[in-house]
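This report concerns only the one structure given below.
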Amino acid sequence: MIVLKGLHRAPIALRTSHSLPPSWRQPWLPQHASSRIFFTSTTHLRRDDKTTPLSSVTAQADSPSPSTSKDGPPPPSAKLPTHTRAPSADPLATLEKSTSDQRKADWAIMREMSRYLWPKNDLSSKLRVSLAVALLIGAKVLNVQVPFYFKSIVDSLNVDIASTGGTAATVAGAMILAYGGARIGATLFQELRNAVFASVAQKAIRKVACNVFDHLLRLDLAFHLSKQTGGLTRAIDRGTKGISFLLTSMVFHILPTALEITMVCGILTYQYGGQFAAITALTMTAYTAFTIWTTAWRTKFRRQANAADNKASTVAVDSLINYEAVKYFNNEKFEVARYDAALKDYEKSSIKVGTSLAFLNSGQNIIFSSALTAMMYLGANGVAQGNLTVGDLVMINQLVFQLSVPLNFLGSVYRELRQSLLDMETLFNLQKVNVSVAEQPGAKPLVLSKGGEIKFQDVTFGYHADQPILKNLSLTIPAGKKVAIVGPSGCGKSTLLRLLFRYYDVGAGRILIDDQDLRTVTLDSLRKAIGVVPQDTPLFNDTVEHNIRYGDLSAPREKVIAAAQRARIHHIIEKWKDGYQTKVGERGLMISGGEKQRLAVSRLLLKDPPLLFFDEATSALDTHTEQALMREINSILKEKSRTSVFVAHRLRTIYDADLIIVLKEGRVAEQGTHKELIDRGGLYSELWSAQETLFHGDGSERELVVTDVVDDGAVEQERPRK
Numbered sequence: 179m180i181v182l183k184g185l186h187r188a189p190i191a192l193r194t195s196h197s198l199p200p201s202w203r204q205p206w207l208p209q210h211a212s213s214r215i216f217f218t219s220t221t222h223l224r225r226d227d228k229t230t231p232l233s234s235v236t237a238q239a240d241s242p243s244p245s246t247s248k249d250g251p252p253p254p255s256a257k258l259p260t261h262t263r264a265p266s267a268d269p270l271a272t273l274e275k276s277t278s279d280q281r282k283a284d285w286a287i288m289r290e291m292s293r294y295l296w297p298k299n300d301l302s303s304k305l306r307v308s309l310a311v312a313l314l315i316g317a318k319v320l321n322v323q324v325p326f327y328f329k330s331i332v333d334s335l336n337v338d339i340a341s342t343g344g345t346a347a348t349v350a351g352a353m354i355l356a357y358g359g360a361r362i363g364a365t366l367f368q369e370l371r372n373a374v375f376a377s378v379a380q381k382a383i384r385k386v387a388c389n390v391f392d393h394l395l396r397l398d399l400a401f402h403l404s405k406q407t408g409g410l411t412r413a414i415d416r417g418t419k420g421i422s423f424l425l426t427s428m429v430f431h432i433l434p435t436a437l438e439i440t441m442v443c444g445i446l447t448y449q450y451g452g453q454f455a456a457i458t459a460l461t462m463t464a465y466t467a468f469t470i471w472t473t474a475w476r477t478k479f480r481r482q483a484n485a486a487d488n489k490a491s492t493v494a495v496d497s498l499i500n501y502e503a504v505k506y507f508n509n510e511k512f513e514v515a516r517y518d519a520a521l522k523d524y525e526k527s528s529i530k531v532g533t534s535l536a537f538l539n540s541g542q543n544i545i546f547s548s549a550l551t552a553m554m555y556l557g558a559n560g561v562a563q564g565n566l567t568v569g570d571l572v573m574i575n576q577l578v579f580q581l582s583v584p585l586n587f588l589g590s591v592y593r594e595l596r597q598s599l600l601d602m603e604t605l606f607n608l609q610k611v612n613v614s615v616a617e618q619p620g621a622k623p624l625v626l627s628k629g630g631e632i633k634f635q636d637v638t639f640g641y642h643a644d645q646p647i648l649k650n651l652s653l654t655i656p657a658g659k660k661v662a663i664v665g666p667s668g669c670g671k672s673t674l675l676r677l678l679f680r681y682y683d684v685g686a687g688r689i690l691i692d693d694q695d696l697r698t699v700t701l702d703s704l705r706k707a708i709g710v711v712p713q714d715t716p717l718f719n720d721t722v723e724h725n726i727r728y729g730d731l732s733a734p735r736e737k738v739i740a741a742a743q744r745a746r747i748h749h750i751i752e753k754w755k756d757g758y759q760t761k762v763g764e765r766g767l768m769i770s771g772g773e774k775q776r777l778a779v780s781r782l783l784l785k786d787p788p789l790l791f792f793d794e795a796t797s798a799l800d801t802h803t804e805q806a807l808m809r810e811i812n813s814i815l816k817e818k819s820r821t822s823v824f825v826a827h828r829l830r831t832i833y834d835a836d837l838i839i840v841l842k843e844g845r846v847a848e849q850g851t852h853k854e855l856i857d858r859g860g861l862y863s864e865l866w867s868a869q870e871t872l873f874h875g876d877g878s879e880r881e882l883v884v885t886d887v888v889d890d891g892a893v894e895q896e897r898p899r900k
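Under the numbering used here, think of the first position of the sequence shown as 179, with each following residue one higher.
This is the structure in structure tokens:
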């Protein structure tokens, strides 16, 4: 038994025997009778209309048949590249890299970021960077002076001041003031440097983030359908946060720290001899080598933590977006368990990151403390032998500790720098993803010289290379006419819109609007000319007014209200507490499906394009509202000549179309007016008869007994259900 729900919600039972025709079959549907399945379509058994393709690889016809177009065969497709994209590496993938490969990737990112550090034609940023560097040098010079002043203070006070009747002010007052002034000056210069450079860093963050966002919006639909939003947004967030640290490190940490270390080492060598220089050089070598080796070893743990973080964010966002589905099936515990499992992976990776960090810090401190101990021994020995003063011992201690600051800082900076580079890797990988649907060089704006005639010539296309949806399809949509496209689910109706809008490029053949190949016109002019009311209306989590105005962002409020009135939703909006300022919620979940569709129609009316495309535009409306809205749409079509295309399963909504095109298995099965197709007795006539049979005037259920269903889908017999 197959139970259907009719046009007016009257459940209908179909009893099947023998086998169903190929166009009706589903993987989950037995080829013979004795199964009972419930669904809500009034046409053939529905199959997914390929609305969520998993691949952007388009199908090529193995041996395309000769063109059947009356306008002659199209030119060779080689002249018009289809911009198909080979499967590329996932920019969010966490792949293990060798040290050399990782180093190359890091240097590539740093070279790219240097453009933002010293941007062309931006004098303000260059002046800020120059001033920041000058302040930095001043701070380092003052910082190195501090130990000298400290030495002088100690040596000055290493006398019996009481016996001479002096005071600290008279003996070492100048040195004390110089000591304090040097420390204060170094601190002020450092803070001024940070304040001056902040604008450069934030401007770079904004530019990189906007460039990535712009690139994401230009990527094809297949990319976005195959990516997980939660993980993608989390990776971008981490990457943008790493930009500021990377730029600051490049200017203020790496080179300045090397400068300070060189100055301290030079002073120790010049003032106290080769032993101190040897210890300093050995310490630098051991410290740097240990830091680089350990940080490279830790990188894989950070990469694992990032992957686990992406996964946890993806699970959380996916569950929250599908909140209603979670509630419908009472699966809160399952979703929490999924999220907990993802967090557990993140916990394990983070523990590895933390423990390896403890190992790194311990090793660094051991190396530095060993050097400090050796230098203090040499200094104390020099004092004991009379070669050095107590002030020299203090100065050595101060210089070594001053050396520890840049050394420790360099260690932490290198560690954080590697983490920032790792976080930023996704940002730059995203920008490397090819835009598969791109404008050709020299593309011209679309010109509707014939009123908007649309032609599909020998078009072959599939979301998967081995599963073509459209097979050498040729059809013409006359300019200024109301055209309906119908057929069983999965035959490629909605795919026509995606190709017309250039979400994808065809695998073979071409699509023309007023004799202009879509691949030769600019995307902006093409998409401005087409208005769409899709099956699943995309709404922003904003006000009703904003969602309607999205069709024309420059439209005044009066036009927004007028569009809502024509779409038969103004009176509903007025009843809401906040009216047009009502928030529709995430993906419009706070309003009904019918209200969402009427908002979509309002948005289309506000855009007022010459080419209209309605993809099941009234599927969520009740019969009364649907009829009222269709009357309004028909009146709009009569106002001025527009090419309008209606994709529909409910044939009552399109029976008055100037032309009805029936698709089956990716090809045109038949076309004509409603009367012509009914008289012909083909697939359209069968679909119409099936839908009309399902509705009974008294609203009672009816049972269709299919005594024999042959390949053309004919229904042989029906009887009232008892």
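The C-beta atom is built at its ideal place from N, Cα and C for all residues, glycine as well.
First and last residue of the uninterrupted beta strand (DSSP E) at residue i
i, result
"Glu617", "Run containing Glu617: none; DSSP gives neither H nor E here."
"Gly850", "Arg845 to Gly850"
"Val661", "Lys660 to Val664"
"Leu789", "Leu789 to Asp793"
Length of the line joining the Cα atoms of residue i and residue j
i, j, result
"Thr901", "Gly417", "In this structure the chain extends from 179 to 900, so residue 901 is not present and cannot be described."
"Asn389", "Val611", "13 Å"
"Leu855", "Met768", "42 Å"
"Thr365", "Ala317", "7 Å"
"Ala239", "His748", "Because the pLDDT at Ala239 is just 35, under 50, the model does not fix this residue reliably, and the value given afterwards should be weighed accordingly. Roughly 49 Å separates the two Cα atoms."
"Gly877", "Val684", "Only weak support is given to the placement of Gly877: the predicted model assigns it a pLDDT of 43, under 50, and the value that follows is read from those uncertain coordinates. Straight-line Cα distance between these residues: approximately 45 Å."
"Lys715", "Ile726", "Strictly speaking, residue 715 in this sequence is Thr, with Lys absent from that position. Those two C-alpha atoms are separated by around 12 Å."
"Ala376", "Ser422", "9 Å"
"Ala237", "Ser732", "Residue placement at Ala237 is flagged as unreliable, the pLDDT there being 36, under the threshold of 50; the coordinate-derived value follows with that caveat. In a straight line, the C-alpha of Ala237 is about 40 Å away from that of Ser732."
"Arg361", "Leu335", "20 Å"
"Ser547", "Leu498", "51 Å"
"Ile414", "Thr851", "52 Å"
"Leu295", "Ala387", "15 Å"
"Lys660", "Val514", "50 Å"
"Phe634", "Ala400", "22 Å"
"Met288", "Pro619", "31 Å"
"Lys761", "Thr721", "4 Å"
"Ile647", "Phe718", "31 Å"
"Trp475", "Thr411", "27 Å"
"Ser822", "Thr654", "13 Å"
"Leu815", "Tyr681", "26 Å"
Under the three-state DSSP convention, the category residue i falls into
i, result
"Lys842", "strand"
"Asn650", "strand"
"Ser497", "helix"
"Ser822", "strand"
"Gly630", "coil"
"Asp284", "helix"
"Asp636", "strand"
"Thr477", "helix"
"Asp695", "strand"
"Val390", "helix"
"Gly685", "coil"
"Val711", "strand"
"Lys381", "helix"
"Leu901", "This structure cannot speak to residue 901, because the chain is shown only from 179 to 900."
"Leu605", "helix"
"Ile470", "helix"
"His827", "coil"
First and last residue of the uninterrupted alpha helix (DSSP H) at residue i
i, result
"Asp702", "Leu701 to Lys706"
"Ile832", "Counting along the chain, Ile832 falls outside any alpha helix (DSSP H), and DSSP gives it neither H nor E."
"Thr721", "Counting along the chain, Thr721 falls outside any alpha helix (DSSP H), and DSSP gives it neither H nor E."
"Phe546", "Glu510 to Gln563"
"Ala310", "Leu301 to Leu335"
"Ser672", "Lys671 to Leu678"
"Ser667", "Segment: none, Ser667 is in no alpha helix (DSSP H) and carries neither H nor E."
"Glu736", "Arg735 to Arg744"
"Ile747", "Looking at the DSSP string, Ile747 is not in any alpha helix (DSSP H), and its letter there is neither H nor E."
State whether the stretch 739-754 contacts the stretch 771-789, with contact taken as three or more CB pairs (one from each stretch) at a distance under 8 Å. yes
Taking one C-beta from the stretch 696-716 and one from the stretch 789-807 each time, how about it: are there three or more such pairs within less than 8 Å? yes
Touching by the beta-carbon criterion (3+ pairs, under 8 Å), the stretch 499-507 and the stretch 540-557: Not touching, per the Cβ criterion.
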